[in-house]
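J.: So the protein sequences, as listed, match chains D and C.
Residue numbers for the first sequence, in this note's numbering: 49 to 260.
Residue numbers for the second sequence, in this note's numbering: 49 to 260.
2 protein chains.
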Amino acid sequence: MELYTFFRSSTSYRVRIALAYKGLAYDPRFVSLPKMEHKRDDYLAVNPQGLVPALVDGGHVLSQSLAIIEYLDEVYPAPPLLPEDPFDRAYVRSLSQIVGCEIHPLNNVRVLKYLQGRWSFSDADRDEWYRHWIAEGLASLERSLLREQRHGAFCLGEEVTMADVCLVPQIFNARRFDCPLEDYPTVMRIFERCMTLDAFTAPRPNSQPDAV
Amino acid sequence: MELYTFFRSSTSYRVRIALAYKGLAYDPRFVSLPKMEHKRDDYLAVNPQGLVPALVDGGHVLSQSLAIIEYLDEVYPAPPLLPEDPFDRAYVRSLSQIVGCEIHPLNNVRVLKYLQGRWSFSDADRDEWYRHWIAEGLASLERSLLREQRHGAFCLGEEVTMADVCLVPQIFNARRFDCPLEDYPTVMRIFERCMTLDAFTAPRPNSQPDAV
Numbered sequence: 049m050e051l052y053t054f055f056r057s058s059t060s061y062r063v064r065i066a067l068a069y070k071g072l073a074y075d076p077r078f079v080s081l082p083k084m085e086h087k088r089d090d091y092l093a094v095n096p097q098g099l100v101p102a103l104v105d106g107g108h109v110l111s112q113s114l115a116i117i118e119y120l121d122e123v124y125p126a127p128p129l130l131p132e133d134p135f136d137r138a139y140v141r142s143l144s145q146i147v148g149c150e151i152h153p154l155n156n157v158r159v160l161k162y163l164q165g166r167w168s169f170s171d172a173d174r175d176e177w178y179r180h181w182i183a184e185g186l187a188s189l190e191r192s193l194l195r196e197q198r199h200g201a202f203c204l205g206e207e208v209t210m211a212d213v214c215l216v217p218q219i220f221n222a223r224r225f226d227c228p229l230e231d232y233p234t235v236m237r238i239f240e241r242c243m244t245l246d247a248f249t250a251p252r253p254n255s256q257p258d259a260v
Numbered sequence: 049m050e051l052y053t054f055f056r057s058s059t060s061y062r063v064r065i066a067l068a069y070k071g072l073a074y075d076p077r078f079v080s081l082p083k084m085e086h087k088r089d090d091y092l093a094v095n096p097q098g099l100v101p102a103l104v105d106g107g108h109v110l111s112q113s114l115a116i117i118e119y120l121d122e123v124y125p126a127p128p129l130l131p132e133d134p135f136d137r138a139y140v141r142s143l144s145q146i147v148g149c150e151i152h153p154l155n156n157v158r159v160l161k162y163l164q165g166r167w168s169f170s171d172a173d174r175d176e177w178y179r180h181w182i183a184e185g186l187a188s189l190e191r192s193l194l195r196e197q198r199h200g201a202f203c204l205g206e207e208v209t210m211a212d213v214c215l216v217p218q219i220f221n222a223r224r225f226d227c228p229l230e231d232y233p234t235v236m237r238i239f240e241r242c243m244t245l246d247a248f249t250a251p252r253p254n255s256q257p258d259a260v
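Here it is, written out as structure tokens:
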């Protein structure tokens, strides 16, 4: 397997966690977002979406981190990242999508660049934008966890799922932008628990060979 | 089944298509986004995320449209909205997520309201923002389809999948904001084909009882 990855990309980090959790080895291919390598022709020839991560397995190129994680769970099912019960699966996917569809898309690099380039956002404006969506999204995640009361050590009971795989990189992003996190104690307890596991710590951004 | 829906919500429309395609009946519960009914306590008691759609089935409340569609496909598998082969499934999910994670999150109502309320975007600014992300996202979708050359009448061959279920409502949104669409002939050919099917036309926004 080959993984096109950038150390600070939280969607790349999600896939690195999933691979580590399942004990799957891969050859990394580093794609620097600051250097715009994801928009170069040689990378667009790999992934026409021009985004990281991309995973190459069995001669196929897979894109979009949540799609990649679902694929890994189907083809390399042990240990699972989705539970068996359909309602549980829907719950885990919904929590994952709070991060994947409600927080991260608003805060990724291309959006921040557009706000600053086209709309003249200052660095302070950009940071306020960033923290706004972090606060909205993490509040929603915290409310959902508290309402359902199905969390244990992790988002769903005592086993790691895709929801945890999405939660952890989002907290790394939040900390990078100095977002206050004290209003999300349930989320943060799960984060701290995840960070006791090698599958989450080994692939963390600053431990990556391309970290600068 | 009960579906909490708003006629113009493209994520609600996705789920309405999936239900129609599978021939599943439901009782609609209308939640007006302009009236902010999705933020009222009675709705937050249903879905703490404060978003439509939400589906109630078997006593469980399901949220996030892509999670709901995956659930429907697992529990009501015929006709399927995901293919069988893991690579095909990953491809369909990736195309779905171009819409679900790259286009729609940037253009939904709460983002537009925040741009206008906090950042003083004029209506013209808002529309430029909207069209920018439509253009970026549909270009990515068009490139992906052309690169893979796996489309037929639909995004993947000759059968409807979740990717088509996501594509169609996004085009409705694009048209509502007068986005130019001539650069995406493959996407638009698939859209037109979908709109020959009852499962796509019956649940369209303007045919809904809550359309105003």
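Using N, Cα and C, we set each Cβ at its ideal position, and we do this for glycine too.
For phenylalanine 135/D, return the contacting residues in chain C, with the cut-off set at a CB-CB distance below 8 Å.
T.: Residues of chain C passing the Cβ test: Gly106, His108, Leu110, Tyr119.
J.: Please list, in chain order, all residues of the same chain as lysine 70/D whose beta carbon is under 7 Å from its beta carbon, the five residues on each side excluded.
T.: These residues qualify, in order along the chain: Leu120, Tyr124, Pro127.
J.: Which parts of the segment 115-168 of chain D are runs of the beta strand (DSSP E), unbroken and 3 residues or longer, counting only runs that do not cross its ends?
T.: Correct list: empty.
J.: Bridge partners of proline 76/D, per DSSP?
T.: According to DSSP, proline 76/D bridges with Leu51/D.
J.: Taking only three categories from DSSP, how would you classify leucine 245/D?
T.: Residue state, collapsed to three classes: coil.
J.: Taking Cβ positions, are threonine 234/D and leucine 204/D nearer each other than 8 Å?
T.: Contact: no.
J.: Since leucine 99/D is in the beta strand (DSSP E), which residue starts that stretch and which ends it?
T.: Per DSSP, leucine 99/D belongs to no beta strand (DSSP E) and is neither H nor E.
J.: At the level of alpha carbons, what is the spacing between phenylalanine 225/D and histidine 152/D?
T.: Distance between the alpha carbons of phenylalanine 225/D and histidine 152/D is about 13 Å.
J.: Here's the rule I'm using: 16 or more other beta-carbon atoms within 10 Å means buried, otherwise exposed. How should valine 159/D be labelled?
T.: Classification of valine 159/D: buried, given that the 10 Å Cβ count is 16 or more.
J.: Would you verify that the beta carbon of alanine 138/C is, or is not, closer than 8 Å to some beta carbon of chain D?
T.: With 8 Å as the cut-off, alanine 138/C counts as an interface residue toward chain D.
J.: Closer than 7 Å, Cβ to Cβ, to anything on chain D: give me those residues from the segment 55-70 of chain C, in chain order.
T.: Answer set for the segment 55-70 of chain C: empty.
J.: Specify whether the segment 227-241 of chain D and the segment 57-68 of chain C touch according to this definition: at least 3 beta carbon pairs, one from each stretch, less than 8 Å apart.
T.: Taking 8 Å as the limit for Cβ pairs, the verdict is that the segment 57-68 of chain C does not touch the segment 227-241 of chain D.
J.: Please check the pair cysteine 214/D and glycine 148/D, which I expect to be a contact at CB under 8 Å, by giving their CB distance rounded to whole angstroms.
T.: 6 Å between Cβ atoms; contact.
J.: Assuming alanine 115/C contacts valine 109/C (C-beta within less than 8 Å), just tell me the rounded distance between them.
T.: Actually they do not touch by this definition, with Cβ atoms about 11 Å apart.
J.: Residue ranges of each alpha helix (DSSP H) run of no fewer than 4 residues wholly in the segment 168-221 of chain C, ordered along the chain?
T.: The qualifying runs are 171-196.
J.: DSSP has aspartate 105/C in a bridge; who is on the other side?
T.: According to DSSP, aspartate 105/C bridges with His108/C.
J.: Between the alpha carbons of serine 255/C and arginine 56/C, how many angstroms are there, rounded?
T.: Cα-Cα distance, rounded: 10 Å.
J.: For arginine 252/C, name the three-state secondary structure that DSSP assigns.
T.: Three-state result, arginine 252/C: coil.
J.: Throw me the rounded Cβ distance for the arginine 198/C and tyrosine 162/C pair, which I believe falls under 8 Å.
T.: Their Cβ separation, rounded to whole angstroms, is 37 Å, which puts arginine 198/C and tyrosine 162/C out of contact at 8 Å.
J.: For serine 60/D versus valine 100/D, is the C-beta distance shorter than 8 Å?
T.: Against a cut-off of 8 Å, the Cβ pair of valine 100/D and serine 60/D comes out as a contact.
J.: How many Å lie between lysine 223/C and asparagine 155/C at the Cα?
T.: As written in the sequence, residue 223/C is arginine, which differs from the lysine given in the question. Approximately 13 Å between the Cα atoms of the pair.
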